[in-house]
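Following the UniProt record's numbering, the numbering of the sequence shown begins with 1 at its first residue and continues without gaps. Beta carbons are placed, not taken as given, at the ideal position from N, Cα and C, and that holds for glycine. Just so you know, these numbers come straight off a predicted model, no measurement behind them.
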Amino acid sequence: MLQLQNEMRSAVADLTAAFRYDIMEGLSLAPKAIPARWLYDRRGSALFEAITLLPEYYPTRTERSILASAVSEIAVLAGPGRAVIEFGSGSSAKTRLLLAETEPSAYVPIDISGEFLREVAAGLSHAFPGLPIYPTEADFTCPFALPDEIASTARLGFFPGSTIGNLTVPAAVDLLRAMAATLGAGSMLLIGIDRIKDQEVLLPAYDDTQGLTAAFNLNLLHRINRELGGSIPLGAFRHLARWNDAEARIEMHLEATRDVRFEVVGRVFSLSKGETIHTENSLKYGRRDAFVLLQAGGWNPVADWTDDRGLFSVILAEQ
Ligand code: AVI
């Protein structure tokens, strides 16, 4: 018990130190940029969940409807008896679809938040009473071990939501390679990847009329003030979403609406009016770009599915 408490305390201390480091580093860059992972504190995660329900935010419901119509084909291609390994917070609707159809031998949800994992596992064990579930608390961007119980079981990795799009291309390739190494020879990967499309569809998805995406982005400044004792005047910033065509990505920024100076951990930072803090990239991929990305990451596409407007891709790949 004491050891667990000490481990939890040191994990929290590590996270706080990493947050402080990334913020101080990111605010010192020119142009300023902060890694997107810090958008997801408790409030940020709740706001993101709310974003996925917005009429403008097409990825979640489009991916879900693609999966609903493709899942029986996926089940045939993957075959029964695989352990399904889900990377990141299991959005239960999509996971349930997959578990219901693919006759898995086990389910391994992987998430950095133990609390979240326990909730997911409890919900799913009611819905799938005979299915062994092995919640695994890990940062899947770093090397980690799968549970011993599935040591000799064929695996199907599941990485929905186009989370891969929040990484730069080299980081995405590294992650896909790490997944290939973790899942092992003979494994398959089912991945959701958002597509390049018209700005008329993309921009509202990242700058909605209800202002939820703006609140999600601005929450980062609240977090810096609260956790690092910052003095950032929140009213001096606005949410900005823009399409970077050369990089095929939506960028989120926090733009200074006037010249502004503030302190974080005793250091003074300043921005001129119009200057921004870059807070997120969401890369979009054409069909062939996505195949090339997967191949560079050690995965050969076997089949892919899209919706009738070609907004989103679900791809099944093998090693
Ligand atoms: C989590 N990720 C795939 C979302 C996206 O679409 O890039 C994060 C997000 N940012 C703003 N809205 C949603």
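Inset, instruction - Please classify H253: is it buried, with 16 or more other beta-carbons within 10 angstroms of its beta-carbon, or exposed? - result: Buried, by the Cβ-count rule.
Legend entry - Beta-carbon proximity check, I220 vs M188, cutoff 8 Å: Inspection of the sequence shows that residue 220 is occupied by Leu rather than by Ile. No, the pair does not count as a contact, with Cβ atoms beyond the cut-off.
Legend entry - Contact test: E280 Cβ vs ligand 1 heavy atom, cutoff 7 Å: Relative to ligand 1, E280 has its C-beta within less than 7 Å of a heavy atom.
Inset, instruction - Give the single residue among F87, R195 and V76 whose Cα lies nearest to the Cα of F291. - result: Distance from the Cα of F291 is smallest, within the candidate group F87, R195 and V76, for R195.
Legend entry - Identity of the residues DSSP links to R226 by a beta bridge: In the DSSP output, where bridge partners are listed per residue, R226 has none listed.
Inset, instruction - Please determine, among A171, A181, A83 and G88, the residue with the shortest C-alpha to C-alpha distance to E149. - result: Selected option, being the one with the closest Cα: A83.
Inset, instruction - Please indicate yes or no: does the CB of P35 lie closer than 7 Å to some heavy atom of ligand 1? - result: False, no ligand heavy atom lies under 7 Å from that Cβ.
Legend entry - 6 Å CB neighbourhood of E318 in its chain, flanking five on each side removed: Result list for E318: M188, N300 and V302, in chain order.
Legend entry - Closer than 7 Å: S313 CB and nearest ligand 2 heavy atom: By its list of ligands, the structure shown excludes ligand 2, since it contains just ligand 1.
Inset, instruction - Evaluate the contact criterion for the segment 70-89 versus the segment 100-110: three or more CB pairs, one atom per stretch, below 8 Å. - result: The segment 70-89, when compared against the segment 100-110, does touch it at the 8 Å Cβ threshold.
Legend entry - Buried or exposed by the 16-neighbour rule on C-beta atoms within 10 Å, applied to R261: With fewer than 16 other Cβ atoms within 10 Å, it is exposed.
Legend entry - As assigned by DSSP and simplified to three states, the class of W299: Here W299 sits in coil by DSSP.
Inset, instruction - Classify R223 as buried or exposed, calling it buried when 16 or more other Cβ atoms lie within 10 Å of its own Cβ. - result: Residue environment for R223: buried (at least 16 other C-beta atoms within 10 angstroms of its C-beta).
Inset, instruction - For G229, I'd like the list of residues in its chain whose CB is within less than 6 Å of its CB, leaving aside the five on either flank, ordered along the chain. - result: Leaving aside the five residues that flank G229 on each side, none in its chain has a CB nearer than 6 Å to its CB.
Inset, instruction - Mind checking who P35 pairs with in its DSSP beta bridge? - result: In the DSSP output, where bridge partners are listed per residue, P35 has none listed.
Legend entry - Under 8 Å between C-beta atoms of E251 and A36: Not closer than 8 Å, so no.
Legend entry - Three-state class that DSSP yields for A138 in the structure shown: Correct three-state label for A138: coil.
Legend entry - residue 323 - containing alpha helix (DSSP H), residue span: No statement about residue 323 is possible, as the shown extent of the chain runs from 1 to 319 and does not include it.
Inset, instruction - Would you check if the segment 159-176 and the segment 120-130 touch, i.e. whether three or more CB-CB distances between them fall below 8 Å? - result: Segments in contact, no.
Legend entry - Sequence-distant residues of the same chain with beta carbon closer than 8 Å to A121, five excluded per side: P109, I133 and P135.
Inset, instruction - Please indicate yes or no: does the CB of Y21 lie closer than 7 Å to some heavy atom of ligand 1? - result: False, no ligand heavy atom lies under 7 Å from that Cβ.
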